[in-house]
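In what follows, a structure is listed as structure tokens, so that the remarks can point back to it.
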Amino acid sequence: MIIRQMNVSDLEEVARIEKVSNPEPWTYADFEDSLAKEDGTILMLIAVDEVSNQIFGYLVLYTASGESEIVTIAVAPDFRRRGIAEGLIEEVLDISQKSSLYIEEINLEVRFSNEPARKLYEKCGFEIVGQRPNFYHNPKEDAILMKRIVNA
Ligand code: COA
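Now the structure itself:
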């Protein structure tokens with residue numbers, strides 16, 4: 001498996017994985033819009049098989065003045081629990097150490113009942129910093145707010 005930047009030829013499969021992974025999924029057009037912005041503050045990574053180019057998972061991160069947010073992350077159902085999401089988050093941390101993308105902290109929201117994601121973030125060093133009532137729709141649910149300090 002390798003992790004590389006997402007490009008437009010990945011979007012069909014990325015949008016397909018997103019649709020089966022998130023109750024309020026990003027559309028093909030949402031990914032396309034983010035990709036078109038490419039101003040150095042948006043990181044769009046995918047985990048792929050380097051031989052077959054099969055897409056296992058992806059992560060999209062927005063950054064403004066050192067504050068980043070994971071806006072979407074998912075792994076295709078058949079490839080979960082193999083360390084792929086953890087690898088994507090580690091890659092973000094690695095990039096922030098080595099490149100000009102300066103990240104002070106990473107924030108995110110997660111559905112209260114999303115145990116796999118909450119456990120993933122916990123394992124990756126995120127801490128709960130708040131709760132937003134009824135943040136999500138379809139179904140209505142609170143968001144847990146989590147944060148990880150990267151470069152204090
Ligand atoms: N139950 C409990 N803990 C889980 C878990 C599960 N189903 N899935 C992941 N974890 C935790 C574990 O601590 C795991 O480490 P371990 O396997 O050594 O115990 C750690 O997260 C890393 O797991 P990893 O294999 O890297 O996660 P993944 O590649 O399966 O991806 C998600 C995790 C959440 C991205 C994946 O389940 C997914 O795509 N879910 C649907 C989309 C989603 O909910 N996105 C997050 C929105 S906020």
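Numbering follows the numbering used here, with no gaps: position 150 of the sequence shown is 150. For each residue, glycine too, the CB sits at the ideal point set by N, CA and C. This one's a predicted model, so the numbers in the text were calculated from it and none came from an experiment.
Item, Value
"Simplified DSSP state of E123, which is helix, strand or coil", "Residue 123 is actually Lys in this sequence, not Glu. Of the three classes helix, strand and coil, the one that applies to K123 here is helix, per DSSP."
"Per DSSP, the bridge partner or partners of M146", "L108, I128"
"Among R111, E32, L108, D49, the one whose alpha carbon lies nearest that of E12", "E32"
"CA nearest to the CA of S9, picked from K123, I55, E105", "I55"
"Uninterrupted alpha helix (DSSP H) stretches inside the stretch 19-79 (no shorter than 4 residues)", "28-37"
"Neighbour-count burial assignment, A36, 16 or more Cβ in a 10 Å radius", "exposed"
"CB of R132 within 8 Å of CB of E105, strictly", "no"
"Rounded Cβ spacing between V14 and Y58 (contact assumed at less than 8 Å)", "5 Å"
"Per-residue burial, Y121 [other beta carbons within 10 Å of its own, 16 or more giving buried]", "buried"
"DSSP state of P139 mapped onto helix, strand, coil", "coil"
"Proximity winner among S96, I95, A47, N107, relative to I128 (alpha-carbon distances)", "N107"
"Those residues which DSSP pairs with R4 across a bridge", "I46"
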